[in-house]
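Residues in the sequence shown are numbered consecutively from -18, following our numbering.
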Amino acid sequence: MENQLTRQEKKAMYNKKYREDHKEEIREKKAIYNKKYREDHKDELREAKVIYMQKYNPKYREEHKEAIAEQRTKYLEKKIVCSCGMTVIRNNLTQHLKTKKHIRALDEQNQ
Ligand SMILES: [Zn+2]
């Protein structure tokens, strides 16, 4: 057990020394990795940023009011397939879930 601890300690010390000796190199590698990551995930990151700005930046919201409203409309008017198998407009989903059609369709599925 004692041996193992020593080995772990040695490893920790080695890692620490390695990090110190290769500080610049590691930083560079990290920067390259981050850059590559940003390039590979450009679209996702941009979308995430837009969503973040819409949520938390009132100035952004004010400046892009129309675009945001339009996006929201598009989102709500998108057709989706309900669990009952029917295609509904997302905005109508809550209402659709209460319709007899939906309930009957689900009943039929469950039988
Ligand atoms: Zn349904």
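Beta carbons: idealized from backbone N, C-alpha and C, even for Gly.
Check your understanding: Grouping DSSP H, G and I as helix and E and B as strand, with all else coil, what is residue 79?
Key -> On the sequence shown, position 98 is the one that residue 79 refers to. Looking at residue 79 - three-state DSSP - the assignment turns out to be coil, as it is neither helix nor strand.
**Study point:** Top-ranked residue by Cα proximity to residue 66, from 54, 88, 25
**Key:** Residue 66 sits at position 85 when you count from the first residue of the sequence shown. Closest in alpha carbon position to residue 66, among 54, 88, 25, is 88.
Check your understanding: Does residue 76 get closer than 9 angstroms to chain D when you measure Cβ to Cβ?
Key -> Considering every chain present, this structure includes no chain D. It has just one protein chain.
Point to revise | Cβ neighbour criterion (16 or more within 10 Å) applied to residue 22 | key: Indexing the sequence shown from 1 puts residue 22 at position 41. Counting every other CB atom within 10 Å of its CB across the protein chains shown gives residue 22 a total below 16, marking it as exposed.
Practice item. Only counting runs of 4 or more residues, tell me where the alpha helix (DSSP H) segments fall wholly within the segment 1 to 33, in order along the chain. Key: The DSSP assignment places 4 to 21 as complete runs of the alpha helix (DSSP H) inside the segment 1 to 33, in order along the chain (cut-off: 4 residues).
Check your understanding: Which value, in whole angstroms, describes the spacing of the CA atoms of residue 5 and residue 25?
Key -> Taking the first residue of the sequence shown as position 1, residue 5 is located at position 24. Taking the first residue of the sequence shown as position 1, residue 25 is located at position 44. If I take the Cα positions, the gap works out to 29 angstroms.
Practice item. Could you tell me whether the Cβ atoms of residue 53 and residue 61 are closer together than 9 angstroms? Key: In the sequence shown, the residue the question calls residue 53 occupies position 72. In the sequence shown, the residue the question calls residue 61 occupies position 80. Going by beta carbons, residue 53 and residue 61 fall outside the 9 angstroms limit.
Review point. Is residue 31 near ligand 1, judged by its Cβ being under 8 angstroms from some heavy atom?
Key: Working through the sequence shown from its first residue, we reach residue 31 at position 50. Checking every heavy atom of ligand 1 against the Cβ of residue 31, none is found closer than 8 angstroms.
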